[in-house]
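Numbering (full-length UniProt numbering), first residue to last: 1 to 154.
Backbone N, C-alpha and C fix where the C-beta goes; we use that ideal spot for every residue, glycine too.
Keep in mind the model is a prediction, meaning the values are calculated, not measured.
Data first, discussion second: the structure below is written as structure tokens.
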Amino acid sequence: MGSDGDNDSRILDAWAKTAETTAGSNEDRPTLWQALGTITAKDFTNIHNTPCARNGLLIGISSGFIAGSLCFITRGKLVSATNWAVGVFIGGSVVSFEYCQYQRYAERTRMKRAVETLAELRREDKEKARQKAEEKKRLEEERKAAQKPWYKVW
């Protein structure tokens, strides 16, 4: 648990540093090598905990294998087939991962809307019950007032 917190704080520190830099200065902007330097072996050992990563990798592997195999069968060049396999693996993995993330976002949005709708319906039901109770109380008071005699004995 502690290592995850350290990793999160390291990422947040990196984001804070990039947010502090001005848009006009190129000197303080992070480079690709700095970004790659933040990747550690722990990131790869915990990849199975990342949502949508498993699905993305499986689709990338299968699509890369199919594309590489077809390229090798049709052209007969191993280097070209390998390049196609790696390229399709990366592209398929990224597309599948992003599509899964989109589906998760859409599901979260639908769930929020459903919760809001249920809360609104409950509010309306409570309001109707309150109005019904007030109407019942008013009718009861009118009935009691109608039962009172117009005269008083003492």
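Count the other CB atoms, across all protein chains shown, that sit within 10 Å of the CB of W84; report buried if there are 16 or more and exposed otherwise. Counting from 1 along the sequence shown, the entry for residue 84 is found at position 84. Buried, since its Cβ has 16 or more Cβ neighbours within 10 Å.
Counted within 10 angstroms of its Cβ, other Cβ atoms place A146 as buried (16 or more) or exposed: Taking the first residue of the sequence shown as position 1, residue 146 is located at position 146. Exposed.
For A67 versus R75, is the C-beta spacing smaller than 8 Å? In the sequence shown, counting from the first residue as 1, residue 67 sits at position 67. In the sequence shown, counting from the first residue as 1, residue 75 sits at position 75. Not in contact: A67 and R75 (Cβ atoms no closer than 8 Å).
Measuring CB to CB, does A53 end up less than 8 Å from I59? The sequence position of residue 53 within the sequence shown is 53, counting from 1. The sequence position of residue 59 within the sequence shown is 59, counting from 1. No, they are not a contact pair.
Any idea if A93 is buried or exposed, counting beta-carbon neighbours within 10 angstroms, 16 or more meaning buried? Indexing the sequence shown from 1 puts residue 93 at position 93. Note that residue 93 is Ser in the sequence shown here, rather than Ala. Its Cβ being crowded by 16 or more others within 10 Å, S93 is buried.
DSSP three-state assignment for T22, whether helix, strand or coil: Counting from 1 along the sequence shown, the entry for residue 22 is found at position 22. Per-residue confidence for T22 stands at a pLDDT of 49, beneath the threshold of 50, marking its modelled position as unreliable; no derived number is given.
Which of the three DSSP states, helix, strand or coil, is assigned to K144? Working through the sequence shown from its first residue, we reach residue 144 at position 144. Taken through DSSP and simplified to helix, strand or coil, K144 comes out as helix.
Spatial neighbours of F97 within its chain, please: C-beta separation below 6 Å, excluding the five flanking residues on both sides. Numbered from 1 along the sequence shown, position 97 holds the residue referred to as residue 97. Residues of the same chain with a CB within less than 6 Å of the CB of F97, apart from the 5 flanking positions on each side, are C52, G56 in chain order.
Quick one: Cα of T22 to Cα of R29, how far? By one-based count along the sequence shown, residue 22 stands at place 22. By one-based count along the sequence shown, residue 29 stands at place 29. Because the pLDDT at T22 is just 49, under 50, the model does not fix this residue reliably, and the point stays unresolved.
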